[in-house]
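Read the structure below first, then the notes.
Residue numbers (the working numbering): 2 to 598.
This is how it looks when you write it as structure tokens:
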């Protein structure tokens with residue numbers, strides 16, 4: 002690749018590896034800062050472009066941040082490898098079509114517009130640098146999703162445009178040589194000049210009152226990318242259509258202004274519910290920055306796009322926030338004091354309350370309630386009455402609260418150890434805890450996943466916050482039932498089972514005695530983590546990150562659609578799951594769903 006500046010186009014169906022020891026076009030033997038196999042560029046099955054550092058000595062940098070493992074690339078990203086820099090740009094042009102694939106590819110160039118520039122940081126919040134919008138494919142100035150002209154043909158499933166690839170302009174700074182590479186799908190080539198890189202991108206900022214959702218679009222699923230590096234965490238927004246179909250794949254990304262968490266050792270870092278909370282009445286979305294001790298707040302526009310609230314992110318009132326819940330104008334934050342990156346073993350977890358201003362800004366009030374270091378609380382569950390709040394703690398106890406005008410007050414018998422009858426005699430105390438709480442909409446009842454013994458515990462509660470054990474039932478076929486949902490009529494209970502990639506369904510005709518109905522094995526491989534109904538309750542969305550070592554690298558990271566049958570059982574359609582575009586060792590989590598009004 003030495004010599005005069007020039008360009009060439011090559012198709013890439015598999016991968017493109019750069020290094021001093023590589024053969025062919027990826028050989029950069031003249032760069033002494035490169036390793037023999039330094040980094041590779043490749044597509045996922047769903048057509049998302051990634052770069053992976055191959056444990057190089059001097060590192061691979063995306064937008065000046067060193068990465069570990071793989072990282073999703075989007076138009077406008079700059080990748081630095083040794084003395085070379087690659088810029089990712091979209092291509093436009095060819096209308097040639099490739100043959101259908103098992104899943105329709107969704108090239109990075111088709112990503113929709115992403116966030117507006119961040120608002121200034123308010124006094125008292127964590128300082129942050131500017132978060133630049135991600136360059137995206139051209140679209141209308143009104144917001145996301147782009148409006149489609151009535152005359153424009155609709156894309157058909159299983160088809161891809163060969164011209165919608167990306168261009169990697171790889172600039173050898175030391176050797177003054179330039180080579181352009183077309184990273185595309187299929188076997189056809191599209192010739193694009195390197196000079197076209199700058200002219201094929203635009204940035205569109207979503208505006209309040211933007212265009213309505215496409216008629217085919219039923220809503221938006223939000224999850225957290227949970228990238229643990231500074232200022233790299235984000236909320237990913239996925240359009241879904243009738244019956245929860247996520248094809249064609251359309252994603253927007255909104256930076257949270259903070260860092261996420263990381264864990265593949267099953268040490269409890271990721272064990273929490275409600276990492277995201279959607280307040281439909283106020284059109285606000287709350288997201289935890291577990292690795293930087295802040296809460297991001299976004300305005301949610303009618304088209305599903307997000308815009309950061311002025312002053313976001315806000316301090317969380319403790320270390321490593323993991324769960325948020327809303328009651329009226331109050332936000333409850335559970336700070337886990339565990340993020341998998343920092344040593345927080347001697348830090349006390351906390352429960353804090355915040356007033357939600359009319360502009361979405363957060364102002365802390367009331368007492369901050371602490372738990373012993375290492376207890377690792379998991380939830381900020383708010384019951385339907387709006388005043389009962391509860392969390393489990395992996396140090397053992399359940400902790401209940403009553404929410405009043407002055408903030409949180411611990412319940413009458415809180416903290417309370419789980420009833421001993423739930424566990425087999427002699428079970429180590431370190432495994433006597435619960436995870437995942439749902440409240441009945443019709444009774445003062447709670448359903449708690451007792452993950453370590455594959456049971457569901459049923460508890461009652463009263464206005465003083467007192468907990469009363471009723472019974473525990475087995476969850477046959479489930480391993481680690483960790484997250485729970487109750488239908489709006491209170492007739493069905495659903496659990497996501499993180500240990501064996503299954504979902505369980507229980508009949509709640511007798512609400513105090515859940516009766517097993519179904520154990521559903523999910524498509525693919527992963528660790529079912531977070532589950533949410535769509536607003537119609539005709540389907541459940543589930544995310545299954547690679548969160549435990551029992552899932553091999555490259556597996557998991559899926560967003561599933563589960564259809565709810567008339568009897569309350571579940572069916573997973575053939576188009577589920579789709580791959581979440583994050584790095585191989587990133588743990589995406591949290592979920593909120595916005596439906597059409």
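Glycine is no exception: its CB is placed at the ideal position from the N, C-alpha and C atoms.
The closest CA to that of residue 239, considering only 543, 493 and 386, is found on 543. Buried is the label assigned to residue 479, since at least 16 other Cβ atoms lie within 10 Å of its Cβ.
Contact check for residue 327 against residue 236 fails: the beta carbons are separated by 8 Å or more. Residue pairing from DSSP places residue 235 in a beta bridge opposite 256. With fewer than 16 other CB atoms across the displayed protein chains lying within 10 angstroms of its CB, residue 430 is exposed. By a beta-carbon distance limit of 8 Å, residue 411 does not contact residue 471. Their separation comes to about 21 Å. With 16 or more other Cβ atoms from the protein chains shown falling within 10 Å of its own Cβ, residue 363 counts as buried. Here residue 402 is buried. Its C-beta has 16 or more other C-beta atoms within 10 Å. Linking residue 521 to residue 424 through their CA atoms gives a straight-line distance of about 25 Å. Between the alpha carbons of residue 504 and residue 422 lies a distance of about 25 Å. Taking a 10 Å sphere around the C-beta of residue 314, we find 16 or more other C-beta atoms and assign the residue as buried. Distance from the CA atom of residue 312 to the CA atom of residue 374, rounded to whole angstroms, is 30 Å. The bridge partners DSSP lists for residue 400 are 392. Cα atoms of residue 77 and residue 89: separation of roughly 5 Å, rounded to the nearest angstrom. Here residue 536 has 596 as same chain residues with Cβ atoms under 6 Å from its own Cβ, once five neighbours each way along the sequence are excluded.
For residue 432, the three-state secondary structure derived from DSSP is helix.
Cβ-Cβ distances below 8 Å link residue 502 to 522, 523, 525, 526, 527, 528, 529 and 545 in the same chain, with the five nearest sequence neighbours on each side left out; the list follows chain order. Taking C-alpha positions only, residue 428 is separated from residue 434 by approximately 11 Å.
Per DSSP, residue 16 is one residue of the beta strand (DSSP E) stretching across 16 to 19.
Collapsing the DSSP output to three states places residue 537 in coil.
Taking a C-beta distance under 8 Å as the contact criterion, residue 509 and residue 439 do not qualify as a contact pair. Following the DSSP letters along the chain, one finds residue 53 inside the beta strand (DSSP E) bounded by residues 50 to 54. Per the DSSP secondary-structure output, residue 320 pairs with nothing in a beta bridge.
Straight across, the Cα-Cα distance linking residue 358 with residue 300 is about 12 Å. Judged by their CB atoms, residue 540 and residue 245 are nearer to each other than the 8 Å cut-off.
Runs of the alpha helix (DSSP H) spanning 4 or more residues and lying entirely within the region 463 to 490 do not occur at all.
By the criterion of a C-beta distance shorter than 7 Å, residue 385 is surrounded in its chain by 440 and 442, once the five residues flanking it on both sides are discounted. Spanning the alpha carbons of residue 348 and residue 338 requires a straight line of approximately 6 Å. The alpha-carbon separation between residue 260 and residue 549 amounts to approximately 20 Å. Of the candidates 343, 393, 448 and 58, the residue whose Cα lies closest to the Cα of residue 432 is 393. Between the C-alpha atoms of residue 579 and residue 560 there is a straight-line separation of about 5 Å.
Going by C-alpha positions, residue 58 is about 6 Å away from residue 36. The alpha carbon of residue 406 has as its nearest neighbour, out of 304, 398, 368 and 416, the alpha carbon of 368. Ranked by Cα distance from residue 42, the first of 19, 34, 275 and 309 is 19. Secondary structure at residue 439: strand, using DSSP grouped into helix, strand and coil.
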